[in-house]
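So the sequence shown is residues 104 to 274, counted in our numbering.
Heads up, the beta-carbon is just placed ideally off N, CA and C, and yes, glycines get one too.
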Amino acid sequence: MKSILIFFGLTFSLISYSQDKLWRIDKEVTEYYTDTLFSQLDLYYSNSSDSALVLWIEKGNVDSLSNPQKIKYHFFTRKGDWSLMQMIWDGNVESFVPGLFDSFMKVVKPKEKFTVSILKKGKISPAMLNSFEKHVVIVKAGDIKGLQIDNSIDMFNYKANNIIILAEWIK
């Protein structure tokens, strides 16, 4: 009876872990010199779920917001006279170049990876590493009302599998 309970406990732990973790993050910091020391932080995001995820980068730390609040702010809040979702829904957008902090989005399909590299002059401390991670937002695509993951959003989906950001751009 004791071995059955242990087996059940292990099985339950693995199942709940896999449901909570939609992605895996691997981190790597490398340093090099030109005329001064530079550090590069690579955050490797792997979609380990069965559904598409949407990733974007916020200039400020939005860690205290809930996912619905983050979605509303990024997709539905007007930035000037437009919102990202308005542009996606509008069939008349001829060309599109994303603004990193206001209209950037990357759809990461199941088993795909995306890398965010942050370049900084000098060393990256452990506190900075944790701070940088809090600027990257990842949600299930299905949680964004009105967003269809199909050819209609190709123009708005960032094409490359990596992006490089200067640390000074992030608050």
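Since residue i contacts residue j with CB under 8 Å, what's their CB separation in whole angstroms?
i           : j           : result
residue 261 : residue 209 : 4 Å
residue 160 : residue 207 : 6 Å
residue 234 : residue 164 : 7 Å
Have a look at residue i and residue j and give me their C-alpha separation to the nearest angstrom.
i           : j           : result
residue 241 : residue 248 : 15 Å
residue 154 : residue 236 : 22 Å
residue 263 : residue 211 : 11 Å
residue 231 : residue 239 : 13 Å
residue 272 : residue 128 : 22 Å
residue 229 : residue 193 : 43 Å
residue 196 : residue 190 : 7 Å
residue 113 : residue 219 : Any reading at residue 113 is ruled out, since the residue's pLDDT is 34, under 50, leaving its predicted position unreliable.
residue 216 : residue 137 : 30 Å
residue 224 : residue 139 : 8 Å
residue 184 : residue 203 : 17 Å
residue 245 : residue 134 : 38 Å
residue 214 : residue 252 : 16 Å
residue 254 : residue 147 : 25 Å
residue 270 : residue 201 : 19 Å
If you run the structure through DSSP and keep just helix, strand and coil, what is residue i?
i           : result
residue 138 : coil
residue 167 : coil
residue 145 : strand
residue 273 : coil
residue 195 : coil
residue 217 : strand
residue 205 : coil
residue 227 : coil
residue 233 : helix
residue 162 : coil
residue 248 : coil
residue 254 : helix
residue 262 : coil
residue 124 : coil
residue 130 : strand
residue 243 : strand
When you compare the CB positions of residue i and residue j, do they come within less than 7 Å of one another, or not?
i           : j           : result
residue 142 : residue 227 : yes
residue 187 : residue 152 : no
residue 144 : residue 221 : yes
residue 156 : residue 150 : yes
residue 162 : residue 274 : yes
residue 182 : residue 205 : yes
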